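Numbering-wise (our numbering), the sequence shown opens with residue 965 and increments by one. All residues carry an ideal CB built from backbone N, CA and C; glycine is no exception. The model shown is predicted, which means the values in this text are computed figures rather than measured ones.
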Amino acid sequence: MEYQAVLDEVAPRLRRLREARGLTLGAVAEATGISKSTLSRLESGGRRPTLELLLPLAGLYRVPLDELVGAPEVDDPRVRLKPRKQADGGSYVPLTRGPGPLQAYKLVVPDRGPQPDPRTHEGYEWLYVLQGRLRLVLAEHDLLLGPGEVAEFDTRVPHWFSGADGRPVELLSLFGRQGERMHVRARPRPAGAAEG
């Protein structure tokens, strides 16, 4: 919406609000300290609305400033994307809506069996375990992570992950371009130091 079109709608809106409350220009002038002539010009469109004039009017009429100027509604910020099934029985939900350098996902990863099949690709990944246990094989490390634990790694390093103990694991994944590092870091434990 063009700014001028928004401003053009302020004048009639101010008049409607005053009249709906049964107020005269004199009563509004007395309550706000804005002169009657300024109020009249605001309501006729002869005076450009400013924040200094609109704030006391919004207070008097008990409406948000957005309502006075007819600001467009803010889109609903909730992300409502559907889970996508994977061939191995797992699923993922993209938590970011558009393209960008960083993508977020909620994953449900089944137990993929005892034999790892490490892969590599461009990027950088950060994993946070929500529920269950995650088996993460990263190069020579074979790690077991529980709820609240985090792993971060360059995806050019051979890696593989799975639910553990025959159960799926729920996790959050932040995936970025190559070299895009996250702010939370967890150092991997040496092989064989995984908690049981």
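Check	Outcome
Where Ala1158 sits in the DSSP three-state scheme	Confidence at Ala1158 is low in this model, with a pLDDT of 48, below 50, so its placement is unreliable and the value that follows should be read with caution. DSSP places Ala1158 in coil when its eight states are reduced to three.
Through-space distance from Glu1113 to Pro1132, alpha-carbon basis	16 Å
Sequence-distant residues of its chain with Cβ nearer than 8 Å to Glu983 (five each side left out)	none
Presumed contact (8 Å Cβ cut-off) between Gly1054 and Gly1140, rounded CB distance	Not really, about 21 Å apart at Cβ, beyond 8 Å.
Identity of the residue in Thr1084, Pro1065, Ala1128 nearest Pro1078 by Cα	Ala1128
Residue environment, Arg1099, which counts as buried when at least 16 other CB atoms sit within 10 Å	buried
Inter-residue CB distance, His1032 and Ala1022 (contact presumed, cutoff 8 Å)	Per the sequence shown, residue 1032 should be read as Leu rather than His. About 5 Å; that satisfies the 8 Å criterion.
For Leu1029, the nearest candidate out of Leu987, Leu1066, Val974 (CA to CA)	Val974
Glu1134 versus Ala1115 - alpha carbon distance	14 Å
Residues near Pro1074 by beta carbon distance below 7 Å, same chain, minus five either side	Asp1052, Gly1053, Gly1054, Gly1127, Pro1132
Secondary structure, alpha helix (DSSP H): runs of 4+ residues fully inside the segment 980-1018	989-996, 1000-1008
When Tyr1025, Arg980, Lys1000, Lys1049 are compared against Leu989, the one with the closest alpha-carbon	Lys1000
Residue burial classification, Glu1016 (beta-carbon count within 10 angstroms, cutoff 16)	exposed
Residues sharing a beta bridge with Val1073, DSSP	Val1133
Nearest residue (CA-CA) to Leu1019, options Leu1102, Leu978, Pro1111	Leu978
Per-residue DSSP class, three states only, for Glu1086	coil
Buried versus exposed, by CB contacts within 10 Å (16 or more), Arg1097	buried
Top-ranked residue by Cα proximity to Tyr1025, from Ala1068, Tyr1069, Gly986, Leu971	Gly986
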